[in-house]
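Novice: Numbering (the working numbering), first residue to last: 789 to 1147.
Don't be surprised by glycine CBs; every beta carbon is placed ideally from N, CA and C.
Structure provided below as structure tokens; questions to follow.
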């Protein structure tokens, strides 16, 4: 990254943000930064790049008269040095930003960038991995665990049907159960900490682990990734919180499900692509997997869920909302502003994306 920065440094925001967000960015250094939100101007483009259902789902649309013409928009993009963006975004963005030196993405999973011209580019890119959504997602995981142990989903179903059957509740104590976390990153660490608070035994895998260790906070045993199936033998709950990469595609395959000896519940808050759906559904039908909470599913940004999943009586889905909360957007902004200050001071940025590793 060039040590000599333009003055002013033009920061472009492509997210639906309130004015106070722009003020906070500007306050990093008012004398050196110019901030502008072009969200309203790029919004119409999103429908050309993404399915309407996806744009409506994630863009949180609103009516505004602040949009620029296409010509003015392209001029402003061409003069931008820093980008703060979310999902969805225009796929041809980078080629229109020749002066861009840094792009920050307000999401954790950079598989969201597979179809963009940013993937593998030389422009420094950072993500919000481990920051914006880690704690809310972990709380969603804990909610799912408690739903299954205390059978709270039956309360919802029976209230809706107005048919109550106390004998159908197969409740269990959460304390003492074993949770296995696939991917001990920002999300996984929070899941481990919260699980320990419930008195659970915590196992986990991590790609960087070379051998087993019991020296990790809130984790009884950390396994190297290649020993995942060994870990699965002991789990009452399996939590998927690893990144989707070429190496993790269909990580939960027939062999993995066969390794599950205790008929665990599966909780996926990563990406649907980490699961082999055919092997998963077969394991559900056979009873090898007791049930599942899925906040994601394969190809979720392109099509509805697999009918065999969404209709399964022991599968519960939510529309990729586990990362949402009343404050996580603020945490992502704090990371961006901290990195912006680092950029201005010539320091190394935090959470730089490694395209080869895929996160």
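Between the region 1100-1110 and the region 1064-1079, do at least 3 Cβ pairs fall closer than 8 Å?
Specialist: Yes: at least three Cβ pairs fall under 8 Å.
Novice: For the beta strand (DSSP E) that residue 870 lies in, which residues bound it at each end?
Specialist: Its beta strand (DSSP E) spans residues 870-873.
Novice: Pick helix, strand or coil for residue 1016, following the three-state DSSP scheme.
Specialist: Of the three classes helix, strand and coil, the one that applies to residue 1016 here is helix, per DSSP.
Novice: Give me the Cβ distance between residue 973 and residue 918, rounded to the nearest whole Å; I'm assuming they're in contact under 8 Å.
Specialist: So it is a contact: roughly 6 Å between Cβ atoms.
Novice: For residue 969, which beta-bridge partners are listed by DSSP?
Specialist: Partner(s): 992, 1027.
Novice: Excluding the 5 residues flanking residue 984 on each side, which residues of the same chain have their C-beta closer than 7 Å to its C-beta?
Specialist: Excluding residues within five positions, the ones whose Cβ falls inside 7 Å are 990, 1006.
Novice: From the DSSP output, in three-state form, read off residue 892 for me.
Specialist: Strand, per DSSP.
Novice: Just to confirm my understanding: we take residue 901, look at its own chain, exclude 5 residues before and 5 after, and list those with CB closer than 6 Å. What are they?
Specialist: So the list reads 907, once near-sequence residues are dropped.
Novice: If we count the other Cβ atoms within 10 Å of its Cβ and call it buried at 16 or more, is residue 797 buried or exposed?
Specialist: Looking at its Cβ environment, which holds 16 or more other Cβ atoms inside 10 Å, residue 797 is buried.
Novice: Nearest-angstrom Cα distance between residue 945 and residue 1098?
Specialist: Whole-angstrom Cα-Cα distance: 15 Å.
Novice: Could you give the distance in angstroms between the alpha-carbon of residue 1032 and the alpha-carbon of residue 979?
Specialist: Going by the C-alpha atoms only, they are around 18 Å apart.
Novice: Tell me which residue opens and which closes the alpha helix (DSSP H) that residue 932 is part of.
Specialist: Where residue 932 is concerned, the enclosing alpha helix (DSSP H) stretches over 922-937.
Novice: If contacts are defined as beta-carbon pairs under 8 Å, then residue 916 and residue 896 qualify, I think. What distance do you get, rounded to the angstrom?
Specialist: Indeed, because the Cβ distance is near 6 Å, the residues count as touching under 8 Å.
Novice: Report the option in 1029, 1010, 992 whose CA atom is closest to the CA atom of residue 925.
Specialist: Checked all of 1029, 1010, 992; the closest Cα to residue 925 is 1029.
Novice: Can you pull the DSSP bridge partners for residue 1082?
Specialist: Partner(s): 1056, 1105.
Novice: Can you tell me the Cβ-Cβ gap for residue 1141 and residue 914, rounded? I've got them flagged as a contact below 8 Å.
Specialist: Going by Cβ atoms, the distance from residue 1141 to residue 914 rounds to 6 Å, so yes, they are a contact pair.
Novice: Counting pairs of Cβ atoms below 8 Å between the region 862-880 and the region 809-827, do you hit three or more?
Specialist: As far as the Cβ criterion goes, the region 862-880 touches the region 809-827, which means the pair count is three or higher.
Novice: Following the continuous beta strand (DSSP E) through residue 962, name the residue where it begins and the one where it ends.
Specialist: Neither: residue 962 is in no beta strand (DSSP E) and is coded neither H nor E.
Novice: Thinking C-alpha only, which one of 1085, 876, 816, 1050 is nearest residue 831?
Specialist: Looking at the Cα atoms, 876 is the closest of the given residues.
Novice: Can you give me the Cβ contacts of residue 790 inside the same chain, cut-off strictly under 8 Å, excluding the 5 residues immediately before and after it?
Specialist: At residue 790 the pLDDT is 47, less than 50, meaning the model places this residue with poor confidence; the figure from the coordinates comes in the next sentence. 889, listed in sequence order.
Novice: Checking the sheet assignment: what are the DSSP bridge partners for residue 801?
Specialist: Answer is 825, 872.
Novice: If you check the beta carbons only, do residue 1056 and residue 1024 fall under 8 Å apart?
Specialist: Cβ distance not < 8 Å, so residue 1056 and residue 1024 don't count as in contact.
Novice: If you compare alpha carbons, which of 866, 920, 883, 827 is closest to residue 847?
Specialist: For the residues 866, 920, 883, 827, the minimum Cα distance to residue 847 belongs to 827.
Novice: According to the neighbour-count rule (16 or more other Cβ atoms, all chains shown, within 10 Å of its Cβ), is residue 1111 buried or exposed?
Specialist: Classification for residue 1111: buried.
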